[in-house]
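Heads up: the sequence shown begins at 3 in my numbering, then just goes up one per residue.
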Amino acid sequence: MGRHKKKREQKGLRVDVRNNNVEWALKKLKRMVKDSGMILEMKKRTYYEKPSAAKREKKSAQAARYRYQAKKEKSSY
3 MGRHKKKREQ KGLRVDVRNN NVEWALKKLK RMVKDSGMIL EMKKRTYYEK PSAAKREKKS
63 AQAARYRYQA KKEKSSY
């Protein structure tokens with residue numbers, strides 16, 4: 003009975019630097035951060051937002067998406 007190492011679940015983002023190509027790794031890290039939504043989350047958490055304001059913002063974003071989708075469908079005909 004051998005011991006098996008459990009693969010640790012990593013928290014956060016990780017980029018390996020290959021061949022001392024730091025610029026490439028930094029570019030990749032920035033892209034990963036942007037795609038993960040970390041920046042938006044940090045901006046949202048800089049100050050407290052009342053639940054009613056958050057709900058209102060969510061509803062207005064939904065309406066904007068709906069209007070954009072309707073406009074997109076209308077122009078495609």
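Ideal Cβ placement from N, Cα and C applies to all residues, glycine included.
Query                                                                                               : Result
Inter-stretch contact (C-beta, 8 Å, three-pair minimum) for the stretch 34–50 and the stretch 15–22 : yes
Local conformation of residue 37 per DSSP, three classes                                            : helix
Bounding residues of the alpha helix (DSSP H) (the contiguous stretch that carries residue 74)      : 53–78
is_contact[residue 55, chain C] using C-beta, thresh 8 Å                                            : Note that chain C does not occur in the displayed structure, where there is just one protein chain.
Residue 31 in three-state terms, based on DSSP                                                      : helix
Distance, residue 71 Cα to residue 58 Cα                                                            : 20 Å
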